[in-house]
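Notes follow the structure.
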Amino acid sequence: MDDACAEDKEMIREFLIESDENLSRLDLDLVALEKSPLDVDLLGSIFRTIHTIKGACGFLAFSTLEGITHQAESLLSQLRDGKRDLTPEIVSLILETVDATRKVLASIETSGTEGSFEFEDLIHKLRVAAEATSEIKTRPALELHVADAANRSEAESQLDSNAALLRQDQQAEEDRRVAERRIRDRRDDETAQHSAAVDSNIRVGVELLDKLMDLVGELVLTRNQILQFNTDREDPALNATSQRLNLITTELQEGVMKTRMQPIGMVWNKLPRVVRDISVGLGKQIQLRMDGAETELDRTIIEAIKDPLMHLVRNCCDHGIESPAARTHAGKSPQGVLTLRAYHEGGQVNIEVGDDGAGINVARVKQKAIEKGLLRPEQVEKLGDREALSLIFEPGFSTAQSVTNISGRGVGMDVVKSHIEKIGGVVDLHSRLGEGTTVKIRIPLTLAIIPGLVIISGGERFVIPQVSLLELIRIEADSGGKHIEYVHGTPVYRRRGSLLPITYLNQVLGLKSADGAAALNMVVLQAEDRQFGLVVDGIYDTQEIVVKPLGKQLKGLTLYAGATIMGDGRVALILDVLGIGQRSGVFGELRESARVVDKHKAQSTMEQQRLLLFRSGSFERLAVPLSLVARLEEFSRSDIEHAGGGKVVQYRDRILPLVSLQAILEPGTPDQGLHADPVQVVVFNDGDISVGMVVDQILDVTEEAVTVRQRSGRKGLLGSAVIGNRVTDFLDLHLVLRESKESWSSSADEHTRGKTVLVADASAFSRGMIRGGLDMAGYSVLEAANLDEVIRKLECHTIDVVVTALELPPDGSTALVAALRSRPELAKIPILALVESFDQNQAAFAQTAGFQDCQEKFDGLLVLESVTRLVSPQTAVEATPECMSCAG
Amino acid sequence: MTNDLPGTKAPTLPMSGQFSTFFVGDLFFGVDVVHVQEVLRSQHMTSVPQAPDVIEGLINLRGQIVTAIDMRRRLLLPPPSADHLTSMNMVVRTADGAVSLLVDEIGDVLDMDPSTYEPPPDNLATGARDLIRGVYKLKDRLLLVLDEERTVDLTAGRTA
């Protein structure tokens with residue numbers, strides 16, 4: 087009994103695999119058939135496929151499936167026998183059958199039953215189509231009827247010709263039958279050959295192949311170890327053996343990789359059907375050309391590019407290729423061409439998806455960018471065409487005039503890009519207005535074994551994937567000071583005239599640097615389309631490494647992409663370049679909108695800096711870097727209101743506090759800036775906070791190479807330089823901003839205004855509760871849901887108190903304490919722990935864990951009191967009575 | 094986390110009755126032998142910068158990369174005294190693959206009498222309470238049955 091059952095299962099499995107292959111072919115055949123409806127060969131093949139499935143269903147007692155396929159078969163047999171002409175409706179009907187069949191097969195695969203689908207409608211349609219015999223070959227009669235109304239005698243001659251036509255039809259049918267017989271004979275031969283091919287092929291489970299790939303990975307590692315071992319000793323026999331091992335391993339690796347290779351046609355097979363459905367749906371004529379379907383890729387990559395590719399094709403059909411009328415109007419053939427190309431190049435695979443459609447209107451892209459608030463008008467003006475085009479990859483960007491159900495919902499190209507980049511690929515876009523758009527994707531052949539650069543930092547080895555690597559730079563000690571410069575406290579490096587932001591791996595990872603290094607080693611990396619320099623302690627060499635995933639406990643760390651085993655058998659971490667960039671802040675906060683512009687600026691201004699020049703009080707010429715300025719505004723004096731004891735204006739749905747520069751630089755003098763009308767304001771953004779600085783007059787924006795000639799001892803000024811032949815003072819914006827915040831806030835409520843509290847809790851509800859009280863008390867409140875967010879916020883904002891739930895993900899708030907205390911710049915920030923309710927154990931824990939205070943989460947008043955106590959520095963670090971009580 | 098009281102876990106206690114035992118500080122722990130993959134002497138450890146502090150590092154276990162969790166820190170115990178620095182790796186199988194638990198000392202495999210089993214006492218130290226399935230009362234001491242799944246799930250049972 088069990089045997090029979092197992093046999094059944096095996097049979098069903100075979101049936102599923104075979105049917106799946108058959109159905110894929112059916113899709114292709116049907117689309118091809120629509121183009122050449124008289125291809126008997128194709129019709130025969132389609133008929134046989136359906137017939138095979140029907141037969142198997144009958145045998146395996148899948149009655150629903152049998153019912154559908156039976157109806158489709160009778161319709162097809164009429165087609166095959168020439169009793170009926172192929173119409174798009176019939177093709178659609180059969181395609182619908184294929185879809186229904188797939189659905190049922192999927193259900194059989196997952197549940198073993200046909201599921202409870204209702205296909206009455208489809209079966210009915212199929213039956214009606216098959217039974218509509220009156221329509222069959224009625225063309226001559228119809229014409230006769232029409233002619234009858236017009237002219238009798240002509241009708242008679244028409245009748246003659248109809249008879250001839252009918253004879254021709256019969257003749258054609260006869261020919262067709264002969265041809266079919268011939269084809270059938272040929273088919274039999276092919277079947278014989280085919281079965282020979284079957285004998286030399288076996289089906290192998292993907293699981294087994296994956297396992298083999300893992301083992302080969304192990305072997306590669308062991309080989310690396312043996313090779314390293316070998317270099318340490320002088321044994322000719324060992325030498326020869328390890329050389330041989332090396333060769334065999336490489337060959338085996340290639341061989342196993344090949345077994346996992348699949349032609350890209352596997353994915354493309356689905357596209358003709360997709361393109362057909364879309365073009366029918368949109369009333370467009372689209373021809374699909376595919377070049378290089380046989381190009382092979384690792385199956386994991388095939389899997390990964392499926393969706394992006396589908397999306398690109400949909401995009402081309404939907405937005406790229408115009409309607410036939412528009413094409414004719416533009417002097418193009420009404421039929422649009424969608425081209426897919428795949429080819430190998432330099433160890434990578436290139437895939438191109440292109441259309442000969444309308445192309446992308448750069449002007450509209452720019453306009454859209456402004457509408458969507460991605461860029462400001464003045465930023466957009468500076469963009470080149472290529473840069474503007476790359477905006478399409480920004481999240482939330484879609485230029486489609488109308489949102490269709492095919493594409494254009496604003497999730498699109500950015501997702502495509504991130505998918506491709508996730509597997510180490512690159513996306514490139516070319517478009518010419520009126521001529522078409524081509525998206526080019528470059529992806530690696532495989533993911534399991536990748537080349538990587540081994541570097542050393544803080545005494546540990548790390549691997550950087552080669553795909554992210556642009557170049558290596560070594561800065562000798564004697565020129566070191568000159569090469570790394572600081573812009574507003576941020577290290578940068580002048581690389582061929584443009585500034586490259588720099589970060590130190592030791593700092594990002596919190597490792598100790600080796601002191602007194604003779605030279606600096608820098609690795610220039612690229613993540614997405616941003617570049618940065620990563621300073622490391624040492625650079626080893628490149629190696630083929632096997633990427634292994636990290637355990638679940640480390641999944642939350644975005645710094646690492648995985649780990650690998652080195653030649654000496656030890657584990658080394660693989661750096662996630664994007665994660666490192668984000669963690670270190672080299673990408674900046676406003677990265678999404680600023681980066682295109684930054685790139686542009688870096689190219690055009692070279693080593694010069696753009697400066698904003700203005701006048702304030704007795705300072706005739708002051709300057710700040712333009713890059714720090716958010717906007718220049720003029721406000722009417724009547725717009726200035728008073729709130730919280732300071733001057734504010736309503737600005738972009740927010741309240742913008744105003745500070746007078748003169749009041750800061752020359753306290754006690756009559757303020758000219760605030761008495762002018764309109765009032766000239768320079769707006770700065772510092773994190774979430776905007777501040778408007780009132781000046782007397784905006785003078786100019788200049789582009790000058792700046793060398794500070796003389797440092798200034800005066801508060802609020804950095805120094806003086808000669809700009810445009812005149813001595814100019816550089817404003818210390820940082821100090822001014824800080825002063826301004828305090829001055830504006832202190833007049834309001836010296837305990838709360840301008841103080842920022844970070845609320846860390848996994849629950850948005852809890853955060854909201856805690857925030858409510860703090861907001862009302864006048865604190866600026868930031869929220870974070872987990873440790874990573876806390877750290878990020880701390881790096882970007884000046885935060886006075888951290889309020890955290892004890893159970894902060896991922897590892898509880900002790901990790902937060904540890905993280906803060908390990909950084910000198912954050913170590914002094916007081917932390918208030920919130921517990922659900924007091925209990926001895928928790929309280930004891932909170933005290934020993936290094937929190938400054940501990941309160942019940944939902945006791946708003948006590949929380950507020952505690953925060954207020956903690957923001958005033960003199961009491962912050964000392965244990966408070968409450969904390970003692972919660973310890974007790 | 095808080096409503097899933099350790100006491101309620103008693104019915105799911107594995108019934109093999111055999112436990113691999115080990116020491117962390119003064120505590121005597123047992124893990125069901127079924128879940129123990131192997132026991133290793135101290136291995137070369139690759140530290141993971143910026144990782145949660147309970148993660149001591151990564152070890153290479155015959156080509157498999159295994160995360161090592163410092164049990165003292167996991168249980169919020171003080172660091173070991175200077176004469177007790179060598180840790181042993183107790184590699185346990187969990188739903189998320191093998192994880193190594195760094196413990197002070199490895200004990201024997203013991204057969205336990207189910208009648209001596211009790212749910213964990215309520216006044217157990219904060220750090221340990223959520224990670225313990227129950228307690229076996231031996232003649233001279235108590236054997237704490239470690240819940241290895243919760244132990245390697247760093248989001249569980251850390252604080253409350």
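Residue numbers (my numbering), protein chains in the order written: chain A, 87 to 974; chain B, 94 to 253. No residue lacks a Cβ here, since even glycine has one placed at the ideal position from N, Cα and C.
- Interface residue (Cβ-Cβ distance to chain B less than 7 Å): Leu597 (chain A) is classified as such.
- Linking Leu374 (chain A) to Gly443 (chain A) through their CA atoms gives a straight-line distance of about 13 Å.
- DSSP places Met396 (chain A) in the helix class (H, G or I) of the three-state scheme.
- The region 386-401 of chain A makes contact with the region 348-366 of chain A, as at least three CB pairs between them are under 8 Å.
- Look at Asp897 (chain A): its C-beta is under 7 Å from a C-beta on chain B.
- In terms of beta-carbon proximity, Leu918 (chain A) stays away from the interface with chain B, with every pair separated by 7 Å or more.
- Listed by position along chain B, the residues whose Cβ is nearer than 7 Å to that of Leu645 (chain A) are Gln143.
- By the CB criterion at 7 Å, Lys526 (chain A) and Glu438 (chain A) fall inside the cutoff.
- The three-state reading of DSSP puts His516 (chain A) in strand, counting E and B together.
- Residue ranges of uninterrupted alpha helix (DSSP H) with 4 or more members, entirely inside the region 155-230 of chain B and ordered along the chain, are 164-167, 219-222.
- The alpha carbon of Leu170 (chain B) has as its nearest neighbour, out of A:Thr934, A:Val710, A:Thr524, the alpha carbon of A:Thr934.
- Distance between Arg581 (chain A) and Glu242 (chain B), taken at the CA atoms: about 51 Å.
- Those residues of the region 534-545 of chain A placed with their C-beta closer than 7 Å to a C-beta in chain B do not exist.
- With 16 or more other CB atoms across the displayed protein chains lying within 10 angstroms of its CB, Ile536 (chain A) is buried.
- A check of alpha carbon separations from Pro764 (chain A) across A:Ala919, A:Glu719, A:Leu742 identifies A:Glu719 as the nearest.
- A residue is called buried once 16 or more other Cβ atoms fall within 10 Å of its Cβ, and Phe705 (chain A) is buried on that count.
- Shown here, Arg907 (chain A) sits in a helix according to DSSP, grouped into three states.
- Between Val184 (chain B) and Arg166 (chain B), the C-beta spacing is not below 7 Å.
- Those residues of the region 292-305 of chain A placed with their C-beta closer than 7 Å to a C-beta in chain B are Glu304, ordered along the chain.
- Interface with chain B (7 Å Cβ-Cβ cutoff): Gly510 (chain A) is excluded.
- Using a CB distance cut-off of 7 Å, Lys634 (chain A) counts as an interface residue toward chain B.
- Of the candidates A:Gln617, A:Pro916, A:Ile750, A:Gln639, A:Gln639 places its Cα closest to the Cα of Ala188 (chain B).
- Bounds of any alpha helix (DSSP H) do not take in Lys841 (chain A), whose DSSP letter is neither H nor E.
- Proximity of Asp223 (chain B) to chain A, defined by a Cβ-Cβ separation below 7 Å, is not satisfied.
- When the Cα atoms are used, Lys914 (chain A) and Val887 (chain A) turn out to be separated by approximately 10 Å.
- At least 7 Å separates the CB of His128 (chain B) from every CB of chain A.
- Within the region 173-200 of chain B, contact with chain A at the beta-carbon level (separation under 8 Å) is assigned to Asp189, Gly190, Val192.
- Straight-line spacing of the CA atoms in Gly303 (chain A) and Glu464 (chain A) works out to 53 Å.
- Within a 10 Å sphere around the beta-carbon of Ala411 (chain A) sit fewer than 16 other beta-carbons, which makes this residue exposed.
- Comparing alpha-carbon positions, the option among B:Ile158, B:Met205, B:Thr139, B:Asp246 lying closest to Arg234 (chain B) turns out to be B:Met205.
- About 17 Å separates the CB atoms of Leu894 (chain A) and Val953 (chain A); that is not less than 8 Å, and the two are not in contact.
- Under the three-state reduction of DSSP, Asn447 (chain A) is assigned to coil, being neither helix nor strand.
- Pairwise C-beta distances place the region 590-598 of chain A out of contact with the region 504-520 of chain A, as fewer than three of them are shorter than 8 Å.
- Here the alpha carbons of Ala192 (chain A) and Arg346 (chain A) stand approximately 24 Å from one another.
- Cα atoms of Asp119 (chain B) and Phe937 (chain A): separation of roughly 27 Å, rounded to the nearest angstrom.
- With the criterion set as a beta carbon lying under 7 Å from some beta carbon of chain A, the members of the region 230-248 of chain B are Val245, Leu247, Thr248, in sequence order.
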